[in-house]
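J.: Numbering follows my numbering, with no gaps: position 149 of the sequence shown is 132. We put the beta carbon where it would ideally sit given N, CA and C, even for glycine.
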Amino acid sequence: MQQINSVEDFNRKIKNVLITKEEIDAAIVEAAKKIDAIYDGRPILLVSVLKGAFVFMADLCRAVTVPCEIGFMCAKSYYAGTTSTGKVAITMDLDRDVSGYHLVIVEDIIDTGRTLKEVVGILKERNPLSLHVVTLLDKPSRRVVDFDADITLFTIPDAFVIGYGLDCDELFRNLPYIAEYNTET
Ligand code: 5GP
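Written out as structure tokens, the structure is:
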């Protein structure tokens, strides 16, 4: 458990900025254009996998121009510190029947791939009209199951990252950029 009792403790945990706010903003414009092109005016349901994707979802939904509804579900990957244990649970489900919707799953980061493989498998069984996955970050070197997003904004090396919705023990989600977490202090 990290000991954070002051702004100094908090700042010490931010090792270096990997992706700036400006780079994120520019990549979201491009991702939104791809989504607009795929759906070509057809309405979509953006599904955010909480909690980490909530900031990305908020910006992405304002960048697309196709009619869009939003939905939330919560899938928890169990972590021991900064290491995935491989266990995934759906802790909060969508509030509607998704058959009849074009679904776009909005994820913060794909690491081992287990969370999204599970979530996509569950949602496909509910017969949506179509399903695409957009992820802000991808760490392909960490994959343990075969899974790729349709749209990836940034591919990053094997580091534990925080900010722009991503946490470490629930802190750092409010940083406007993506940073590497300092495990050494
Ligand atoms: P996966 O199931 O692909 O291993 O993990 C996906 C989930 O693990 C993400 O939605 C995220 O909650 C968490 N995760 C994976 N890598 C990182 C990371 O570098 N930083 C943070 N904050 N969370 C991560």
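(1) Can you check the region 40 to 103 for any beta strand (DSSP E) of at least 3 residues that lies completely inside it and give the ranges in chain order?
(2) Go ahead and pull the three-state DSSP assignment for S31.
(3) Grouping DSSP H, G and I as helix and E and B as strand, with all else coil, what is F(-7)?
(4) I want to check one thing, is the minimum distance from the CB of F(-7) to the heavy atoms of the ligand 5GP below 8 Å?
(5) Just the C-alpha distance for E6 and L149, rounded to the nearest angstrom, thanks.
(6) Looking only at C-alpha atoms, which of I53, D91, I92 and I93 sits nearest to V81?
(7) Taking the Cβ atom as the reference point for each residue, do R91 and L119 lie within a distance shorter than 9 Å?
(8) Name the residue from F(-7), S(-11), A132 and T74 whose alpha carbon lies nearest to the alpha carbon of F155.
T.: The answer reads as follows:
(1) 51 to 63, 66 to 75 and 85 to 93
(2) As a position in the sequence shown, residue 31 is number 48, starting the count at 1. Strand.
(3) As a position in the sequence shown, residue -7 is number 10, starting the count at 1. DSSP places F(-7) in helix when its eight states are reduced to three.
(4) One-based indexing of the sequence shown puts residue -7 at position 10. Flag unset: Cβ of F(-7) not near the ligand 5GP.
(5) To locate residue 6, count along the sequence shown from 1; it is residue 23. To locate residue 149, count along the sequence shown from 1; it is residue 166. Taking the straight line joining both Cα atoms gives about 16 Å.
(6) Residue 81 sits at position 98 when you count from the first residue of the sequence shown. Answer by Cα proximity: I53.
(7) Position 108 of the sequence shown holds residue 91. Position 136 of the sequence shown holds residue 119. Here the sequence assigns Asp to residue 91, which means Arg is not the residue at that position. Yes, they are a contact pair.
(8) Locating residue 155 in the sequence shown gives position 172, counting from the first residue. Measuring from the Cα of F155, the nearest candidate turns out to be F(-7).
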